[in-house]
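J.: Chains as they are written, first to last, in this note's numbering: chain A, 50 to 349; chain B, 50 to 349. Backbone N, C-alpha and C define an ideal beta-carbon position, used for all residues, glycine too. This one's a predicted model, so the numbers in the text were calculated from it and none came from an experiment.
1. Compare the C-beta of residue 103 (chain A) with all C-beta atoms of chain B and state if any pair is closer than 8 Å.
2. Within 8 Å of any Cβ in chain B, is that where the Cβ of residue 260 (chain A) sits?
3. Mind listing the chain A neighbours of residue 202 (chain B)? Cutoff is C-beta to C-beta under 7 Å, in chain order.
4. If you follow the beta strand (DSSP E) that residue 141 (chain B) is part of, which residue opens it and which one closes it?
5. Would you list, in sequence order, the uninterrupted beta strand (DSSP E) runs of no fewer than 3 residues that lie entirely inside the stretch 73–111 of chain A?
6. When the cut-off is 8 Å and only beta carbons count, does residue 275 (chain A) lie next to chain B?
7. If we ignore side chains and look at the alpha-carbon of each, how far apart do residue 60 (chain B) and residue 140 (chain B) end up?
8. If contact is defined by three or more beta carbon pairs under 8 Å, each pair taking one atom from either stretch, is the stretch 125–136 of chain B in contact with the stretch 65–73 of chain B?
9. Measure the C-alpha to C-alpha separation of residue 155 (chain B) and residue 192 (chain A) and round it to an integer number of angstroms.
10. Excluding sequence positions up to five away, which residues of its chain have a Cβ less than 6 Å from the Cβ of residue 270 (chain A)?
11. So for residue 132 (chain B), helix, strand or coil by DSSP?
12. Just by C-beta distance, which residues in the stretch 119–145 of chain B are closer than 8 Å to chain A?
13. To the nearest angstrom, how far is it from the Cα of residue 323 (chain A) to the Cα of residue 121 (chain B)?
14. If you draw a straight line from the alpha carbon of residue 51 (chain B) to that of residue 169 (chain A), how long is it in whole angstroms?
15. Tell me which same chain residues have a C-beta within less than 6 Å of the C-beta of residue 336 (chain B), skipping the five on either side of it?
16. Run through chain A and tell me which residues come within less than 9 Å of residue 229 (chain B), C-beta to C-beta.
17. So which residues on chain A does residue 269 (chain B) lean against when the C-beta distance must stay under 8 Å?
18. Taking just the CA atoms, how far does residue 93 (chain A) sit from residue 134 (chain A)?
19. According to the neighbour-count rule (16 or more other Cβ atoms, all chains shown, within 10 Å of its Cβ), is residue 111 (chain A) buried or exposed?
20. Determine the chain B residues that contact residue 177 (chain A) at a beta-carbon separation under 8 Å, and present them in chain order.
21. Hey, is the stretch 291–309 of chain B in contact with the stretch 144–164 of chain B, meaning 3+ C-beta pairs nearer than 8 Å?
22. Is residue 184 (chain B) near residue 147 (chain B), with beta carbons less than 8 Å apart?
23. Looking at chain A, is there any beta carbon in it that lies within less than 8 Å of the beta carbon of residue 348 (chain B)?
24. Exposed or buried, what is residue 313 (chain B) when buried is set at 16 or more other beta-carbons lying within 10 Å of its beta-carbon?
25. Which of helix, strand or coil does DSSP assign to residue 337 (chain B)?
26. Quick check: the stretch 262–279 of chain B against the stretch 315–333 of chain B, are there 3 or more CB pairs under 8 Å?
27. To the nearest angstrom, how far is the alpha carbon of residue 339 (chain B) from that of residue 75 (chain B)?
28. I'd like to confirm the pairing. Which residues does DSSP put opposite residue 300 (chain A) in its beta bridges?
29. With 16 as the cutoff for other CB atoms within 10 Å, does residue 280 (chain A) come out buried or exposed?
30. I need the boundaries of the beta strand (DSSP E) containing residue 362 (chain B), first residue and last residue.
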């Protein structure tokens with residue numbers, strides 16, 4: 050063990066060591082469920098994990114990072130990572146050891162074993178969120194990562210995944226969030242019926258992103274822009290939902306879209322316009338457009 | 050050879066046949082350059098290729114699809130694909146043969162050998178485009194596909210790739226375009242200096258999507274919305290570029306962003322706002338937001 054502030058430490062060089070095998074197992078869902086841990090791989094993800102760890106410590110919240118494994122070369126290349134690891138268990142390891150732990154072909158010299166944060170839905174709702182992204186049976190880890198990242202960029206207050214969605218802590222999903230996983234609360238394994246009822250009770254408008262929706266997103270954006278930019282010109286009779294109100298967006302399965310149950314729970318089914326020949330939007334693209342439309346309406 | 054309208058044909062079953070090897074080579078750039086051909090894999094991509102082929106035939110333009118390889122099971126499952134292949138060379142093959150041809154693990158029973166379309170930049174510009182997406186050194190095939198798909202959804206008139214960008218005809222890029230590759234002209238291998246000068250001569254506003262840009266995209270959208278929705282409230286003194294004018298968006302390299310040369314060629318450097326903690330936007334996400342902002346301003 051190596052305390053970044055103190056002294057050099059022995060280099061872990063055996064890719065078949067028990068500790069290495071334990072970490073490698075975290076690529077599988079069962080090991081993650083059993084241990085409550087997952088891996089963040091590569092300098093970008095580990096940096097965001099460490100920053101989140103610091104914020105949590107400052108706020109008296111539970112730890113985010115359990116331990117860090119890094120090659121000496123990586124710490125030399127990105128000294129910030131050693132600084133941020135101060136006070137944490139930081140183990141020096143060879144490239145072979147890291148490769149044996151990692152899901153990626155090249156973990157770029159650093160891996161953090163992180164604690165799965167599992168905030169409760171009621172705690173998230175108690176903080177009166179204005180913008181939520183809900184994934185309903187989103188199955189592709191890359192799409193889930195893109196949506197989480199878009200939610201982060203749009204300033205969403207939290208991301209929620211229903212029970213049948215992909216595990217956001219699987220290595221490919223973690224990677225595709227590009228660090229955003231550590232930026233906002235992510236509630237997983239939620240039962241949809243309970244979620245819909247809780248959102249309703251909290252007075253949050255539920256909008257279903259649905260290619261067949263009867264409400265055009267552009268119309269909602271126009272109405273919102275008029276209220277904001279030219280209140281005098283706004284006839285005040287726009288009946289639809291208001292993008293500036295607290296909103297939860299539902300994003301559905303890649304192939305099937307939202308189920309009838311999910312659509313029925315929504316206050317409105319909103320279509321993102323397709324101007325070209327594309328038949329439908331990728332769910333990540335649709336989520337980006339919807340979340341940014343809400344962010345624009347809410348944040349100015 | 051099997052004419053879809055006529056008679057059953059022998060099944061290709063030898064994965065080591067010369068014809069199979071020739072097709073498999075199209076996963077590599079040099080074979081694509083030499084033959085001017087590339088592969089579309091899977092029912093979705095092949096369907097879009099075949100539809101594009103029909104449109105081209107109707108318009109007297111060169112062929113899009115050279116030949117199609119499919120399993121009998123696939124044609125039974127999706128009869129539309131056999132119908133659309135009418136008049137083309139359609140060869141029946143085993144799953145093993147298709148697997149040997151394809152870059153994907155599972156090509157889902159159908160592959161089309163397509164002709165690389167290479168429209169000339171001057172022809173694209175002669176059609177007075179209103180919205181162009183330009184990739185400058187975008188290197189990741191998945192990102193290139195996402196941008197092309199977003200451009201299609203936003204109704205862009207063409208997509209342009211500079212010489213140092215990823216080859217949009219590589220199998221992973223083709224796959225990630227989800228058929229959009231066949232929906233709009235894609236000009237590849239363009240020299241940036243020549244492009245900038247041609248866009249300038251054509252009177253097209255060049256906007257650089259740049260996280261450090263001095264112009265906020267939201268301000269451009271607000272000004273445009275005011276002109277459109279409440280002309281009386283628009284003071285008319287908004288000085289920036291107008292999203293409703295013919296526009297070419299520049300999207301840069303994933304790691305480095307746009308180069309100084311590319312930034313200097315732009316009329317304005319526009320930042321997509323980041324509301325949350327995300328440090329920067331994925332280039333695909335940024336492109337989606339920018340292109341949709343233009344589409345909204347131009348199409349209503």
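T.: Looking at the atomic coordinates:
1. Not an interface residue.
2. Judged by the 8 Å Cβ criterion, residue 260 (chain A) is not in contact with chain B.
3. Here the neighbours are 323, 324, 325, 327, 330, 334.
4. The continuous beta strand (DSSP E) containing residue 141 (chain B) extends over residues 138–141.
5. Within the stretch 73–111 of chain A, the runs of beta strand (DSSP E) at least 3 residues long that lie entirely inside it are, in chain order, 86–90.
6. Taking 8 Å as the CB threshold, residue 275 (chain A) lines the interface with chain B.
7. C-alpha separation (whole angstroms): 8 Å.
8. Touching, no, given that fewer than three Cβ pairs across the two stretches are closer than 8 Å.
9. Roughly 20 Å separates the two Cα atoms.
10. Excluding residues within five positions, the ones whose Cβ falls inside 6 Å are 342.
11. The three-state secondary structure of residue 132 (chain B), taken from DSSP, is helix.
12. With the criterion set as a beta carbon lying under 8 Å from some beta carbon of chain A, the stretch 119–145 of chain B has no members that meet it.
13. Distance from the CA of residue 323 (chain A) to the CA of residue 121 (chain B), rounded to the nearest whole angstrom, comes to 34 Å.
14. Residue confidence for residue 51 (chain B) is low, a pLDDT of 48 falling below 50, so the modelled location carries little weight; the figure read from the coordinates is stated next. If I take the Cα positions, the gap works out to 60 Å.
15. Leaving aside the five residues that flank residue 336 (chain B) on each side, the residues in its chain whose CB is nearer than 6 Å to its CB run, in chain order, 196, 199, 300.
16. Within chain A, the residues near residue 229 (chain B) are 325, 326, 327.
17. What residue 269 (chain B) touches in chain A: nothing, since even the nearest Cβ is about 12 Å away.
18. Cα to Cα, residue 134 (chain A) sits roughly 14 Å from residue 93 (chain A).
19. Counting the other Cβ atoms within 10 Å of the Cβ of residue 111 (chain A) gives fewer than 16, which makes it exposed.
20. Correct list: empty, because the minimum Cβ distance to chain B is about 17 Å.
21. No, they do not touch.
22. In this structure, the beta-carbon distance from residue 184 (chain B) to residue 147 (chain B) does not fall below 8 Å.
23. Cβ-Cβ to chain A under 8 Å: yes for residue 348 (chain B).
24. With fewer than 16 Cβ atoms within 10 Å of its Cβ, residue 313 (chain B) is classed as exposed.
25. Here DSSP, grouped into helix, strand and coil, assigns residue 337 (chain B) to helix.
26. Counting Cβ pairs under 8 Å, three or more are found: they touch.
27. Their Cα atoms are separated by approximately 33 Å.
28. As computed with DSSP, residue 300 (chain A) is found in a beta bridge with A:184.
29. Using a 10 angstroms sphere on the CB of residue 280 (chain A), the tally of other CB atoms stays under 16, which defines it as exposed.
30. Residue 362 (chain B) lies beyond the stretch modelled for chain B, which goes from 50 to 349, so this question has no answer here.
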